[in-house]
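Here's the structure we're looking at; comments come further down.
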Amino acid sequence: MAEQSGNTARSGAGDGRNAASGFGTDEPAAAARIAAIRERIDEIDRTLIGLWQERAELSQQVGATRMASGGTRLVLSREREILERFRQALGADGTQLALLLLRAGRGPL
Numbered sequence: 001m002a003e004q005s006g007n008t009a010r011s012g013a014g015d016g017r018n019a020a021s022g023f024g025t026d027e028p029a030a031a032a033r034i035a036a037i038r039e040r041i042d043e044i045d046r047t048l049i050g051l052w053q054e055r056a057e058l059s060q061q062v063g064a065t066r067m068a069s070g071g072t073r074l075v076l077s078r079e080r081e082i083l084e085r086f087r088q089a090l091g092a093d094g095t096q097l098a099l100l101l102l103r104a105g106r107g108p109l
């Protein structure tokens, strides 16, 4: 996708010139608004990454504690509960996100 934007930018067409600015517009007020929004998006991304890492660590601690006490590696009912929570909140994308979260915490099956 980046190559496509780069090709458009080199074409010299109106949209290409705008895309080269990194904001998709040459209008200063719009570019400033986009920059502010992107700054907030970057803050959210940093928070999500930190939470992802914390969640994975906590999940690994649960698994290690469970196995050290003679329990099972996985509790499928708990995983189904998490999958359903994310599906209800976010739809099909939520299910995919939950699967990634679960894998980060327990590793691949």
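Note that UniProt numbering gives residue 23 to position 23 of the sequence shown, counting from 1, and the numbers run on in steps of one.
Backbone N, C-alpha and C fix where the C-beta goes; we use that ideal spot for every residue, glycine too.
query                                                                                                                                                              : result
Quick one: any contact between the segment 85–96 and the segment 35–49, if contact means 3 or more CB pairs under 8 Å?                                             : no
Could you check what DSSP says for GLU79 in three-state terms: helix, strand or coil?                                                                              : helix
So does the segment 95–105 actually touch the segment 48–66, counting three or more Cβ pairs closer than 8 Å?                                                      : yes
Can you give me the start and stop residues for the alpha helix (DSSP H) that GLU43 sits inside?                                                                   : 28–68
My output table needs one value for THR95: the three-state DSSP class, helix, strand or coil.                                                                      : helix
Buried or exposed: which applies to GLY105, given that a residue is buried once 16 or more other Cβ atoms fall within 10 Å of its Cβ?                              : buried
Quick check: PHE86 and LEU74, are their CB atoms within less than 8 Å of each other?                                                                               : no
Going by beta carbon distance, what residues of the same chain come within less than 6 Å of residue 112, once the five residues before and after it are set aside? : Residue coverage of the chain in this structure runs from 1 to 109, which leaves residue 112 outside it and unanswerable.
According to DSSP, simplified to helix, strand and coil, what is residue 118?                                                                                      : Here the chain covers residues 1 to 109 and nothing more, so residue 118 does not appear.
Between the alpha carbons of GLU3 and ALA89, how many angstroms are there, rounded?                                                                                : For GLU3, the predicted structure reports a pLDDT of 40, less than 50, and the residue's modelled location is therefore unreliable. A value from the coordinates is still provided. Computed Cα separation, rounded: 35 Å.
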